[in-house]
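Residue numbers (the working numbering): 2 to 110.
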């Protein structure tokens with residue numbers, strides 16, 4: 002999150018296992034952080050989705066719904082949870098960190 006903040010981003014975050022620790026570290030300390038109760042709230046109105054954890058609940062996604070929720074249909078996947086072709090077919094711009102084949106998908110959905 003620090004890198005996102007350094008780039009001027011406002012972070013809307015959810016992690017099913019780390020919320021208590023995140024609140025301990027940041028809650029009330031940052032105006033550019035909103036901790037939300039679930040994954041649905043985390044994406045509503047967001048400019049993009051950045052995945053930094055690989056919990057089971059993040060593996061099953063309705064990508065058509067996800068595209069409708071995001072202001073810009075971009076998914077940055079730091080855990081390589083998804084198949085690039087599936088997200089491209091759903092009209093999402095997809096970048097999987099460390100996976101070269103996803104770079105070509107950034108051009109257009």
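We put the CB at the ideal spot given by N, CA and C, even for glycine.
Put simply, the stretch 35 to 55 touches the stretch 73 to 85. At least three CB pairs are less than 8 Å apart. Around the beta-carbon of residue 34, 16 or more other beta-carbon atoms lie within 10 Å, marking it buried. Leaving aside the five residues that flank residue 22 on each side, none in its chain has a CB nearer than 7 Å to its CB.
The beta-bridge partner set that DSSP reports for residue 10 is empty.
Between the C-alpha atoms of residue 93 and residue 29 there is a straight-line separation of about 33 Å.
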